[in-house]
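Before any comments, here is the structure.
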Amino acid sequence: MTHFKQKLQHQILLPVMQFISQEKSGGVVLGIAVLLALILANSPLRDDYAHFLHHHLGFVVDGTPYLNFSLAHWINDGLMSMFFFVVGLELKREFIGGELRDLRKVTLPIAAAVMGMIFPALIYLVFNGNTAEAQGWGIPMATDIAFALAVVYLLGPRVPVSAKVFLTTLAIVDDLGSVLVIALFYTSELSLLNLLIGLVFLLVMFIGNKLGVKSIWFYGLLGIGGVWTAFLLSGIHATIAAVLSAMVIPADSHISEVSFVARMRKLTRRFGQAESNDVRTLEPDQVDIIARVKTDANQALPPLQRLEHGLHPFVAFFVMPVFALGNAGVSFVDMDLNMLFDTHIAIGVMLGLLLGKPSAIVGSVWLMERLGWGRRSRQLSWRRLTGLGFLASIGFTMSMFVTTLAFHTPEADSQAKVGIFAASIVGGIVGYRILLRR
134 MTHFKQKLQH QILLPVMQFI SQEKSGGVVL GIAVLLALIL ANSPLRDDYA HFLHHHLGFV
194 VDGTPYLNFS LAHWINDGLM SMFFFVVGLE LKREFIGGEL RDLRKVTLPI AAAVMGMIFP
254 ALIYLVFNGN TAEAQGWGIP MATDIAFALA VVYLLGPRVP VSAKVFLTTL AIVDDLGSVL
314 VIALFYTSEL SLLNLLIGLV FLLVMFIGNK LGVKSIWFYG LLGIGGVWTA FLLSGIHATI
374 AAVLSAMVIP ADSHISEVSF VARMRKLTRR FGQAESNDVR TLEPDQVDII ARVKTDANQA
434 LPPLQRLEHG LHPFVAFFVM PVFALGNAGV SFVDMDLNML FDTHIAIGVM LGLLLGKPSA
494 IVGSVWLMER LGWGRRSRQL SWRRLTGLGF LASIGFTMSM FVTTLAFHTP EADSQAKVGI
554 FAASIVGGIV GYRILLRR
């Protein structure tokens, strides 16, 4: 029995845990979910697949529905709020002690990210300006960090650390820009009363932070039951509530690093001196010491990082794949290919991502260096920078999300997704091939 347990642990559990701990694994799972969604949408089950996503869930009180939305709506406004919450936590951590702490040191990736959002939007508007489809200009602005980093990690040591840091910083700024675009330009009619209620809950969370409240339950109940619900009913997209809630989560801990080290030394010494036994169970004193270690460890970890660390696997391996299953299902069975050219949505999205991103990233770095406002590392050659630019044209997740906000007809939605797929696939392959060369 013991041999079976060891075999199970080494052959199944350990490889699974190692897979989950790798950053590229989220992109792999997301890619599998995309393929599954495409298979379902083009199989005999496509009608059941579409009907299932339009099934409504909600509450009914005295015949009046409350929070009664389709499953697709719950995925995009509910589950995706968890994704944006983790994005908000990461952004706050980066501003406090990460890549964005000193903006003077990251001028190149910041400039590349900003121009990498503006150029694709302008290219899209060249094809769709002054039309009803112009509202899709935000679709080609975003970079999918999960897919892009997955490709980078597949290349291993061929991509130096400086290039990985450049791409990661660019994607972080890109995420921040996408959040601002959604908040400012993809918001429906406002309910000022619900918006005010949400802001009051947010203020209570902020005051709790300043008063030293570190309870995750406190912020969870107010953030979900108060801020998220109120924003959902106000007309502002609920994902913005998730980002704002993340920004007021405490980033400091109950116990300082020095105190934590001293406590661990003391508890370790006590555990070594505690009376033991010759059976597998521990003595009560030993159990109490271990419980104290767990309590002190939780108090030494800031709530911000505890939430980020705890939610990241759930978001990477559940939220994002479910989002892909609900939104990546484009059916080509009954699609009239001429429909793709009725408007210029697909071509605008594809060229915006595939041409706008690389040219803006390389061009902005060149301009910043000519102006003396930044300087590349020696490892970040123009060839590698071009390869990273093409990887940045992988705009799957955020681009798909903005598509759900910009268009409300199946035809426009399908055209935008075809453009996203085409640009992401070509950009990923071209970027991989460029970076593969030594």
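If you count the sequence shown from 1, you need to add 133 to reach the working numbering. The beta carbon of each residue, even a glycine, is placed where N, CA and C say it ideally should be.
- Residue 184 carries a helical assignment under DSSP once its states are collapsed to helix, strand and coil.
- Residue 389 carries a coil assignment under DSSP once its states are collapsed to helix, strand and coil.
- When secondary structure is reduced to three states using DSSP, residue 569 falls in the helix class.
- Cβ-Cβ separation between residue 335 and residue 369: approximately 12 Å, too far for a contact (criterion under 8 Å).
- For residue 497, the enclosing alpha helix (DSSP H) begins and ends at 490-504.
- Its chain contains 483 as the residues whose beta carbon lies nearer than 7 Å to that of residue 555, once the 5 sequence neighbours on both sides are disregarded; these appear in chain order.
- Counting C-beta atoms within 10 angstroms of its own C-beta, residue 517 has 16 or more neighbours from the protein chains shown and is therefore classed as buried.
- When Cβ pairs closer than 8 Å are counted between the two stretches, the region 559-570 is seen to touch the region 273-291, the count reaching three or more.
- Boundaries of the alpha helix (DSSP H) harbouring residue 214: 213-230, taken from the DSSP string.
- Under the DSSP definition of a beta bridge, residue 190 partners with 202.
- Taking 8 Å as the cut-off, the Cβ atoms of residue 188 and residue 203 count as close.
- The closest CA to that of residue 557, considering only 485, 526 and 545, is found on 526.
- Residues of the same chain with a CB within less than 8 Å of the CB of residue 498, apart from the 5 flanking positions on each side, are 241, 244, 245, 507, 509 and 518 in chain order.
- If you draw a 10 Å sphere on the C-beta of residue 270, you find 16 or more other C-beta atoms in it, and that means buried.
- Annotation: residue 450 is outside any alpha helix (DSSP H) and is labelled neither H nor E by DSSP.
- By the criterion of a C-beta distance shorter than 7 Å, residue 379 is surrounded in its chain by 218, 221, 222 and 225, once the five residues flanking it on both sides are discounted.
- Following the DSSP letters along the chain, one finds residue 353 inside the alpha helix (DSSP H) bounded by residues 349-355.
- CA-to-CA, the gap between residue 372 and residue 407 works out to about 50 Å.
- Straight across, the Cα-Cα distance linking residue 261 with residue 478 is about 7 Å.
- Rounded to whole angstroms, residue 285 and residue 297 show a C-alpha spacing of 7 Å.
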